[in-house]
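So the structure is just underneath, and the comments pick up after that.
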Amino acid sequence: MTTKKLHLKSIIYELLWFLQGDTNVKYLQEHGVRIWNEWADENGDLGHIYGYQWRSWPDYNGGFIDQISEVVETIKHNPDSRRIIVSAWNVADLNNMNLPPCHAFFQFYVADGRLSLQLYQRSADIFLGVPFNIASYALLLQIIAANDGTSDGIESRRFCPHLW
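Using the numbering used here, the first residue of the sequence shown is number 99, and each one after it goes up by one.
Here it is in structure tokens:
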């Protein structure tokens, strides 16, 4: 995988798109990124995919949970927590997603002042998606580490591979 060429621009803009909580391909298209087009409806919407789940997970009181903000706050105030988790796999909302999440669950943890990330990917296209996802989550780790003042650590993965 070290020689696989990746479209860095797509990785960066897709991650920023997720972090903004966006689920419409318009932002991506404006930046020349077309990787989500085939799953978008006629209005460019993808339903309640990653960005929505990360930033607007519905709670039981009719409100929303911003999982990314929760991550940042927990790392700052309780870095030893083993509950610094983000999930995109919302069973109650799967029917509202044009594509169910492949990289479904990730956890941050701090050890010796270093922030690390572990990702579970339920569906992993080894040749196409996985290299792209490795780069994306490595970038996410860098962003969160820079935000909270820890140094970046390692990214580890658990995935269910498939080959096309």
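Beta carbons: idealized from backbone N, C-alpha and C, even for Gly.
Residue i, buried or exposed, once every other Cβ within 10 Å from all chains shown has been counted against 16
i      : result
Thr101 : exposed
Gly149 : buried
Glu112 : buried
Asn231 : buried
Gly161 : exposed
Ser167 : exposed
Gln151 : buried
Gly227 : buried
Ala138 : buried
Ala233 : buried
Leu217 : buried
Leu215 : buried
Closer than 7 Å: residue i CB and nearest the ligand GTP heavy atom
i      : result
Ala186 : Among the components modelled here there is no ligand, and therefore nothing to report on the ligand GTP.
The alpha helix (DSSP H) enclosing residue i, as first and last residue numbers
i      : result
Asp223 : Asp223 -> not in any alpha helix (DSSP H); beta strand (DSSP E) instead, spanning 212 to 223.
Ala209 : It is not in any alpha helix (DSSP H) - Ala209 instead sits in the beta strand (DSSP E) that spans 201 to 209.
Val169 : 165 to 175
Ile183 : Careful: Ile183 lies outside any alpha helix (DSSP H), inside the beta strand (DSSP E) at 183 to 185.
Lys107 : 106 to 118
Val228 : 227 to 246
Cβ distance (whole Å) where residue i is taken to contact residue j below 8 Å
i      : j      : result
Leu126 : Trp115 : 6 Å
Tyr235 : Phe204 : 7 Å
Leu237 : Ile147 : Their Cβ separation, rounded to whole angstroms, is 18 Å, which puts Leu237 and Ile147 out of contact at 8 Å.
Leu213 : Ala243 : 5 Å
Gly145 : Lys124 : Incorrect: roughly 15 Å between the Cβ atoms, too far for contact.
Ala202 : Ala222 : With 8 Å as the limit, Ala202 and Ala222 do not qualify as a contact, their Cβ atoms being about 11 Å apart.
Val208 : Val184 : Contact flag wrong, Cβ pair sits at about 15 Å.
Cut-off 8 Å between Cβ atoms - residues of its own chain near residue i, not counting five sequence neighbours on either side
i      : result
Lys174 : Asp246
Asn122 : Ala138, Asn141, Gly142, Asp143, Leu144
Helix, strand or coil at residue i according to DSSP, with G and I counted as helix
i      : result
Pro198 : coil
Asp143 : strand
Trp155 : strand
Asn122 : strand
Own chain, CB closer than 6 Å to residue i, minus 5 neighbours either side, in chain order
i      : result
Asp120 : Gly149
Asn188 : Gln151
Val131 : Ser108, Tyr111
Thr172 : Ser179, Ile182
Asp164 : Arg153
Met195 : Gly145, His146, Ile147
Close-in-space but distant-in-sequence residues of the same chain around residue i (CB under 7 Å, 5 per side omitted)
i      : result
Leu192 : Pro198
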